[in-house]
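Taking it in order: structure first as structure tokens, then the write-up.
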Amino acid sequence: MTANLLLHDDRTITLRGERFSVCMDSEMIQNRVAELGARISVDYEGKRPILIGVLNGAFMFLADLMKKIRIDCEVDFVKLSSYGAEKISSGVVRELKKIDADLEGRHVLVVEDIVDTGLSMQYILDIMHSQNPESVKVVTLLHKYEATEVHVQLDYVGFRIKNQFVVGYGLDYGQVGRNLPDLYVLDPHEDDS
Ligand code: 5GP
6 MTANLLLHDD RTITLRGERF SVCMDSEMIQ NRVAELGARI SVDYEGKRPI LIGVLNGAFM
66 FLADLMKKIR IDCEVDFVKL SSYGAEKISS GVVRELKKID ADLEGRHVLV VEDIVDTGLS
126 MQYILDIMHS QNPESVKVVT LLHKYEATEV HVQLDYVGFR IKNQFVVGYG LDYGQVGRNL
186 PDLYVLDPHE DDS
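First residue of the sequence shown? That's 6 in my numbering, and the numbers climb one at a time after it.
If you want it as structure tokens, here you go:
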């Protein structure tokens, strides 16, 4: 099988034939995740929140974030349809895996890797609110603030980024690249879309 991921040095990679370079390294990400975890620990003291990770992209962020939360908390997952192998949002969202937990009366914290148009998050929030939780908040590692099509309340944001395609730290390009510990951005001269 031909490799889709080629590591050139510690700053650049080729993924599915396109060149990407580091935009946030692992240390920068981990520092911010620790800050978010500390804030969430204070805000949810005594509330035993349930973290709802959005598969697949948020799994790595969720795992690191949970380790920085110093209060009782639970976890469950929801899965939505994704971009497939594309770099731009299709705008079509479907639920592929439902939440197993009963959210009635619970403090729900949705954990997302990236909010782009906001359509997926709006869809998820509708699902959450339909189950009568006590509260619903959102934590996202990344927010593409220029790409917003629908406004959704983002309570905790790791980093605000420009409208560029990113991979690594759980985020994929056609299912590869999720295992990279750093975040990479498509080199501008490579992106003619
Ligand atoms: P939205 O519905 O907000 O347009 O898109 C949200 C979902 O699209 C994210 O959960 C993520 O799976 C995917 N997505 C959005 N932007 C990017 C990106 O730059 N890189 C990757 N790999 N996925 C993205």
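Ideal Cβ placement from N, Cα and C applies to all residues, glycine included.
Margin query: Less than 6 Å between C-beta atoms, sequence neighbours within five positions excluded: which residues of the same chain meet that for D196?
Written below: Here the model assigns D196 a pLDDT of 49, short of 50, so the residue's position is not dependable and the matter cannot be decided.
Next item on the list: Within the same chain, show all residues whose beta-carbon is closer than 6 Å to that of T19, passing over the 5 residues directly before and after it, in chain order.
Entry: Within the same chain, T19 has close Cβ partners L11.
Margin query: Closest to G163 by C-alpha separation, out of R16, M133, A8, G42, would be which residue?
Written below: Ranked by how close their Cα comes to the Cα of G163, the residues R16, M133, A8, G42 have G42 in first place.
Next item on the list: Starting from V47, follow the alpha helix (DSSP H) in both directions and report where the run begins and ends.
Entry: Boundaries of the alpha helix (DSSP H) harbouring V47: 31 to 48, taken from the DSSP string.
Next item on the list: Could I get the ranges of all uninterrupted alpha helix (DSSP H) runs contained in the segment 120 to 166, with 4 residues as the minimum, in chain order?
Entry: With a minimum length of 4 residues, the unbroken runs of alpha helix (DSSP H) contained wholly in the segment 120 to 166 fall at 124 to 134.
Check: Ends of the beta strand (DSSP E) at D81?
Finding: Taken as a continuous stretch (DSSP letters only), the beta strand (DSSP E) holding D81 covers 79 to 85.
Next item on the list: Quick one: residues in its chain with C-beta nearer than 6 Å to the C-beta of L176, no 5 flanking neighbours on either side, listed in chain order?
Entry: Counting only Cβ-Cβ distances below 6 Å, and skipping sequence neighbours, we find G62, D118.
Check: Should K72 be listed as close to the ligand 5GP, given that the test is whether its C-beta is under 7 Å from any heavy atom?
Finding: Not so, every heavy atom of the ligand 5GP lies at least 7 Å from the Cβ.
Note to self: I'd like to know if the segment 16 to 34 and the segment 46 to 63 are in contact, where contact means that at least 3 CB-CB pairs between them fall below 8 Å.
What the structure shows: The segment 16 to 34 makes no contact with the segment 46 to 63; the number of CB pairs closer than 8 Å stays below 3.
Margin query: Any heavy atom of the ligand 5GP inside 7 Å of the beta-carbon of V162?
Written below: It does not: the Cβ of V162 is nowhere closer than 7 Å to a heavy atom of the ligand 5GP.
Notebook entry, point to check: Hey, how far is the Cα of R183 from the Cα of L159?
Noted result: C-alpha of R183 to C-alpha of L159: approximately 23 Å in a straight line.
Notebook entry, point to check: Nearest-angstrom Cα distance between I76 and R37?
Noted result: Their backbone Cα atoms lie some 18 Å apart in a straight line.
Checklist line | N-terminal and C-terminal residue of the alpha helix (DSSP H) that K260 is part of | finding: Look at the range of the chain in this structure, 6 to 198, and you will see that residue 260 is not part of it.
Check: According to the Cβ coordinates, are V115 and L147 closer than 8 Å?
Finding: The answer is no: Cβ separation not under 8 Å.
Note to self: Considering only heavy atoms of the ligand 5GP, does any lie closer than 7 Å to the CB of D121?
What the structure shows: At least one heavy atom of the ligand 5GP is nearer than 7 Å to the Cβ of D121, so yes.
Check: Taking 7 Å as the cut-off, does the CB of S86 come closer than this to any heavy atom belonging to the ligand ADP?
Finding: The ligand ADP is absent from the structure shown, which contains only the ligand 5GP.
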